[in-house]
Amino acid sequence: MADFERKHGRIPRVLHIGNIANNAYNNAKLLISAGIDCDVICYDYYHIMGCYEWEDVEFSGPILDPFKPNWIVAGIKTCNRPKWFAQGPIKTCIEYLVAKRKGDQGEAEILWKKLVSRSGYSPFDKGPPFVQKIMDLFAKSWKMTRHVLHKAKNKYISFIAIIDDELNDTNYFDKLMHKISSKWKTAKHHIKRSKAGNKNLAIPRLIEILLNIFKYVTSAALLSIQVFLKSLRLVIRLPLVVLSRKLTTTDSQFNYRVNYLIDKYRQEFPDREDSLSYGDLISYQNIISLWKRLFENYDFIIAYSTDPIIPMIAGKSYFALEHGTIREIPYQDTSVGRATSLAYRMAQHVFVTNTDCVASAEKLAPGRYTLINHPYDEDHGLAVSDWEKDRQSLCQELNCEMLFFFPTRQDWVPGTGYADKANDVFIRAVGALRKQGLSLGLVCCQWGKNVKQTKALINELGFSQNVKWVEPMAIVAFERMARAAHCVVDQFLLGAFGGVLFKAMAVGAPIMTYLDESVVLRQYPQCPPVINCRTEDDIIQAIVELYQHPEKLKQAGSDARAWMKKYHSKNIVVNAQVDQFRTSYLGEPNQGCS
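If you read the sequence shown in our numbering, its first letter stands for residue 378, the second for the next number, and so on.
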């Protein structure tokens, strides 16, 4: 890397694409701290667990919509996002990062403000609920239409890309939502004034309110008509647009690249019954040129989850980082499945974060993968304070002597979701122990397909008064709760571990879960010092032992923290990636697993 800096006069630049579960954000932070220049593009994705605020800001307000949170409502008045984290509409994200890298500070600042306003910091509310439902219905309908048509014959596929491009360019529905919201906000303001004002002014204010509502309805109606006319105009123009596009793209680089990838898929996966088709990749046609412009500004690219598809189509060298992605997706008979399998096969190197995905990595990228830890700063939660008060308060509220924190997704009923957590095993064990007289309490996170079933099971077992349900916690709040609880609880089925385990261990919290040691030992020389249980009887026996000997909990927490520093250090994750950057830069053969 020092040689790179001497040669180019700057440190290496790395672009991270995609940010599910903040993996890219956390990884970029680690690499930046190691002296590497990074940007993250988190495009068209606003889920709370993929936001900077979820990771590094403590807030107390409600999250009304986890898929598109309003951070102002959540209590965060000022946006302090790092300028290297671009989250928002895909085109705006790309244009911002290009302007930033080209040194166009004025344009970059304008685009940054747009990204901030589109990422939960807009001063406008969502407007009337019925309008929001209409907008959501439109978005879902269009998504479903695209999904269905993408399975049609290739000659129809270009229509979808063209319509998609036209609607994205007009941004009509965003404008409609913005104007309706502003009108509704004005109406609500006048209603509030009328309630607090003098009765003598009631009639004039009532007239004023009615006029404003009339203006609001009229505005909404006119904008709806405009959208309809625009759509009608688009349909009329469609044949001409299709013809013009075909004339200019028949021998385009995109078509050439897609045909190459189709042939490559046949060569790499001769035993697969399905085939990669033009229709599998057409949705990238109208955006890939922008991605290419962006890629010109970076030395290395790390694409997460299924996003390696993007640099693959662009013909740019890249690294792929999976976080459970290659467990099933590459083997599915879908457009994403086929494209993902080829993207991981063509990656320069693959970083695998889940031990149960090693076998898949060997199939998709034989000799070109490295098993690494989830990118995470193990010292992140050391600054958390006041957790002792939280423990005392919660134990009093739940009438318990031993408090368990159960943040894991509630997903255990076959046929309703992934059914991969076995939450019910722990719930039944706690129910049995409370009947034996043990004073146990739970703090559970309210997310997953089976929250209702879990609540019903707890009620059936008779200890609902000893359970507190909370919304999924941001990282700082999670770390505080993990320290406040006597023990953190994770899954009892998969045998592997993810974020819950290492984030709890990082703050020195004891954790009860099931680990398949034969799988874990493929990655680590020593298994994490968890309270390893799988069945209801295992859990009962372990809790009784800890209840009678509470000093063992303290030792388990100390052991957990020590293990994290030794085997899950941020330095290990950074070095594994820098080694591959060095190999790529020097043009040496990849040094992954053989």
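Note that beta-carbon positions come from the ideal geometry of N, C-alpha and C, so glycine has one too.
A quick note: this is a predicted structure, and the numbers were derived from the prediction, not measured.
Report the three-state DSSP secondary structure of residue 748 (helix, strand or coil). Taking the first residue of the sequence shown as position 1, residue 748 is located at position 371. Strand, per DSSP.
For residue 699 and residue 681, I'd like the C-alpha separation in whole angstroms. Taking the sequence shown and counting its residues from 1, the one referred to as residue 699 is at position 322. Taking the sequence shown and counting its residues from 1, the one referred to as residue 681 is at position 304. Whole-angstrom Cα-Cα distance: 6 Å.
Have a look at residue 718 and residue 836 and give me their C-alpha separation to the nearest angstrom. The residue you call residue 718 lines up with position 341 of the sequence shown. The residue you call residue 836 lines up with position 459 of the sequence shown. Approximately 45 Å between the Cα atoms of the pair.
State the Cα-Cα distance for the pair residue 780 and residue 930, rounded to the nearest angstrom. Locating residue 780 in the sequence shown gives position 403, counting from the first residue. Locating residue 930 in the sequence shown gives position 553, counting from the first residue. Straight-line Cα distance between these residues: approximately 12 Å.
Would you grab the beta carbon distance between residue 687 and residue 440 for me? Rounded to a whole angstrom, and I think it's under 8 Å. As a first step, residue 687 must be located in the sequence shown, where it is residue number 310. As a first step, residue 440 must be located in the sequence shown, where it is residue number 63. Incorrect: roughly 29 Å between the Cβ atoms, too far for contact.
State yes or no: is the C-beta of residue 867 within less than 8 Å of the C-beta of residue 890? Here residue 867 corresponds to residue number 490 of the sequence shown, with the count starting at 1. Here residue 890 corresponds to residue number 513 of the sequence shown, with the count starting at 1. Their beta carbons are under 8 Å apart, which means residue 867 touches residue 890 by this criterion.
Assuming contact is defined by CB atoms lying nearer than 8 Å, are residue 652 and residue 661 in contact in what I supplied? Walking along the sequence shown from the start, residue 652 turns up at place 275. Walking along the sequence shown from the start, residue 661 turns up at place 284. Taking 8 Å as the Cβ cut-off, residue 652 and residue 661 do not qualify as a contacting pair.
From which residue to which residue does the alpha helix (DSSP H) around residue 915 run? Here residue 915 refers to the residue found at position 538 of the sequence shown. Counting along the chain, the alpha helix (DSSP H) containing residue 915 begins and ends at 913-925.
Determine whether the beta carbon atoms of residue 738 and residue 720 lie at a separation below 8 Å. Here the question's residue 738 lines up with position 361 in the sequence shown. Here the question's residue 720 lines up with position 343 in the sequence shown. No. Outside cutoff.
Just the C-alpha distance for residue 658 and residue 635, rounded to the nearest angstrom, thanks. The residue given as residue 658 occupies position 281 in the sequence shown. The residue given as residue 635 occupies position 258 in the sequence shown. Spanning the two alpha carbons is a distance of roughly 7 Å.
Considering Cα atoms alone, identify which of 881, 665 and 785 is closest to residue 630. If you number the sequence shown from 1, residue 630 lands on position 253. Residue 630 has its Cα closest to that of 665, out of 881, 665 and 785.
Assign residue 473 to one of two classes, buried (16 or more other C-beta atoms within 10 Å of its C-beta) or exposed (fewer than that). Reading the sequence shown from its first residue, position 96 is the one you call residue 473. Label assigned to residue 473: buried.
Enumerate, from N- to C-terminal direction, the unbroken alpha helix (DSSP H) stretches of 4 or more residues contained entirely within the region 774-828. 800-812
Using only alpha-carbon positions, find the residue among 464, 703 and 948 that is nearest to residue 754. Numbered from 1 along the sequence shown, position 377 holds the residue referred to as residue 754. The shortest C-alpha separation from residue 754 is found at 948.
Residues near residue 953 by beta carbon distance below 6 Å, same chain, minus five either side: Taking the first residue of the sequence shown as 1, we reach residue 953 at position 576. Only 747 and 749 meet the Cβ criterion.
Where do the N-terminal and C-terminal ends of the alpha helix (DSSP H) with residue 711 fall, by residue? Numbered from its first residue, the sequence shown carries residue 711 at position 334. Neither: residue 711 is in no alpha helix (DSSP H) and is coded neither H nor E.
In chain order, what residues of the same chain lie with their CB nearer than 6 Å to the CB of residue 958, ignoring the 5 residues before and after it? Taking the sequence shown and counting its residues from 1, one reaches residue 958 at position 581. Excluding positions up to five away in sequence, the list reads 677.
Can you tell me the Cα-Cα spacing of residue 627 and residue 633, whole angstroms? Counting from 1 along the sequence shown, the entry for residue 627 is found at position 250. Counting from 1 along the sequence shown, the entry for residue 633 is found at position 256. Any answer about residue 627 is weak, because its pLDDT of 42 lies below 50 and its placement is not dependable; what the coordinates show is given next. Taking the straight line joining both Cα atoms gives about 9 Å.
Mark residue 457 as exposed unless 16 or more other C-beta atoms lie within 10 angstroms of its C-beta, in which case mark it buried. Here the question's residue 457 lines up with position 80 in the sequence shown. By the neighbour-count rule (16 or more Cβ atoms within 10 Å), residue 457 is not buried but exposed.
Determine the direct distance from the alpha carbon of residue 886 to that of residue 862, and round the result to whole angstroms. What you label residue 862 is simply residue 485 of the sequence shown in a count that begins at 1. What you label residue 886 is simply residue 509 of the sequence shown in a count that begins at 1. Each residue's Cα considered, the two are about 8 Å apart.
Per-residue burial, residue 855 [other beta carbons within 10 Å of its own, 16 or more giving buried]: The residue you call residue 855 lines up with position 478 of the sequence shown. The residue in question, residue 855, is buried, as its Cβ has 16 or more Cβ neighbours within 10 Å.
Rounded C-beta distance between residue 761 and residue 884? I'm assuming under 8 Å. The sequence position of residue 761 within the sequence shown is 384, counting from 1. The sequence position of residue 884 within the sequence shown is 507, counting from 1. With a Cβ gap of about 7 Å, residue 761 and residue 884 count as contacting.
Just to confirm, are residue 803 and residue 783 a CB contact at a threshold of 8 Å? Taking the first residue of the sequence shown as 1, we reach residue 803 at position 426. Taking the first residue of the sequence shown as 1, we reach residue 783 at position 406. A contact, by the Cβ cut-off of 8 Å.
Counting pairs of Cβ atoms below 8 Å between the region 479-493 and the region 418-436, do you hit three or more? no
Three-state secondary structure assigned by DSSP to residue 755: To locate residue 755, count along the sequence shown from 1; it is residue 378. Coil.
Looking at the ligand SAM, does it come within less than 7 Å of residue 932, judged from the CB to the closest heavy atom? Looking for the ligand SAM in the displayed structure turns up nothing, as the structure carries no ligands at all.
Between the alpha carbons of residue 489 and residue 702, how many angstroms are there, rounded? For the purposes of this step, residue 489 is taken as residue 112 along the sequence shown, with counting starting at 1. For the purposes of this step, residue 702 is taken as residue 325 along the sequence shown, with counting starting at 1. Approximately 30 Å, taken between the alpha carbons.
For residue 631, does the three-state DSSP call read helix, strand or coil? Stepping through the sequence shown from its first residue, residue 631 is reached at position 254. Helix at residue 631.
Opposing strand residues paired with residue 892 [DSSP bridges]: Stepping through the sequence shown from its first residue, residue 892 is reached at position 515. In the DSSP output, where bridge partners are listed per residue, residue 892 has 872.
Please report the residue range of the alpha helix (DSSP H) in which residue 479 lies. The sequence position of residue 479 within the sequence shown is 102, counting from 1. It spans 467-479 - the alpha helix (DSSP H) in which residue 479 sits, taken as one unbroken run.
DSSP three-state label for residue 391, please. Your numbering for residue 391 matches position 14 in the sequence shown. Three-state DSSP puts residue 391 in a strand.
Bridge partner(s) assigned by DSSP for residue 864: Translated into positions along the sequence shown, residue 864 becomes position 487. 781.
Ordered along the chain, which non-local residues of its own chain (more than five positions away) have a Cβ less than 7 Å from that of residue 896? In the sequence shown, counting from the first residue as 1, residue 896 sits at position 519. Excluding positions up to five away in sequence, the list reads 732, 733, 872 and 873.
What are the boundary residues of the alpha helix (DSSP H) that includes residue 735? Counting from one through the sequence shown, the residue named residue 735 turns up at place 358. Run containing residue 735: 735-741, per the alpha helix (DSSP H) assignment.
Using 8 Å as the threshold, is the C-beta distance between residue 905 and residue 923 below it? Residue numbering aside, residue 905 sits at position 528 when the sequence shown is read from its first letter. Residue numbering aside, residue 923 sits at position 546 when the sequence shown is read from its first letter. Taking 8 Å as the Cβ cut-off, residue 905 and residue 923 do not qualify as a contacting pair.
Residue 462 burial status per 10 Å Cβ neighbour count (16 or more: buried): Counted from its first residue, the sequence shown places residue 462 at position 85. By the neighbour-count rule (16 or more Cβ atoms within 10 Å), residue 462 is buried.
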